[in-house]
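The structure appears right after this line, and notes come after that.
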């Protein structure tokens, strides 16, 4: 059943955890490879063995994070119009990073495709794929803090509609203060 962002979201708990880890990665101040890998290894959808990078190469995750932030920014700013912009990039990355195996359950007489998320890149690429999937209604649930000095990403998985405008009340107050200050500055400029 398609959702299209108009009602409650129905996600498997492991998918929800993967989406939350992905947004946390986008907002994270990356300091080590272990920090990033630990975040995603905690998600039940990940496969073992989980691919890790050498500790000295931790900055590679900064490149991953930059790409993820770019994609999430397009989703937050454009909503469903971001699908044709981000979708082809996600498809290429998923084809390169996610292993899919077909299994047959002889007891249930069912064939299933099982995805193996065995690395950081596979995890966050798969999560963005979930956000883009039109049948899930998640595309318009991505937002970012409206205070121009923050910009943290957020995901609204409960309730209805878009995410909150600000990540905290403190940032809401900061943004309102900045707007009032700018308005006063413009008024002073008009009087001269």
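In my numbering, the protein residues as written are 857 to 1048. Beta carbons are placed, not taken as given, at the ideal position from N, Cα and C, and that holds for glycine. In this text, all values refer to a predicted model and were calculated from it rather than measured experimentally.
In the three-state scheme derived from DSSP, where H, G and I count as helix and E and B as strand, residue 1000 is classed as strand.
If you compare the alpha carbons of 880, 976, 881 with that of residue 903, the shortest gap goes to 976.
Under DSSP, residue 973 takes part in a beta bridge, and its partners are 902. The continuous stretches of beta strand (DSSP E) do not include residue 886, and DSSP gives it neither H nor E. The C-alpha of residue 962 lies about 29 angstroms from the C-alpha of residue 991. Of all C-beta pairs linking the stretch 885-904 to the stretch 925-934, fewer than three are shorter than 8 angstroms, placing the two stretches out of contact. Partner residues in a beta bridge of residue 913, as assigned by DSSP, do not exist. DSSP, read as helix, strand or coil, puts residue 866 in coil. At the C-beta level, residue 1009 and residue 941 stay beyond 9 angstroms of one another. Counting the other Cβ atoms within 10 Å of the Cβ of residue 954 gives 16 or more, which makes it buried.
Assigned with DSSP and collapsed to three states, residue 967 falls in strand.
Shown here, residue 879 sits in a helix according to DSSP, grouped into three states. Put simply, of 899, 917, 921, 982 the residue whose alpha carbon is nearest the alpha carbon of residue 949 is 982.
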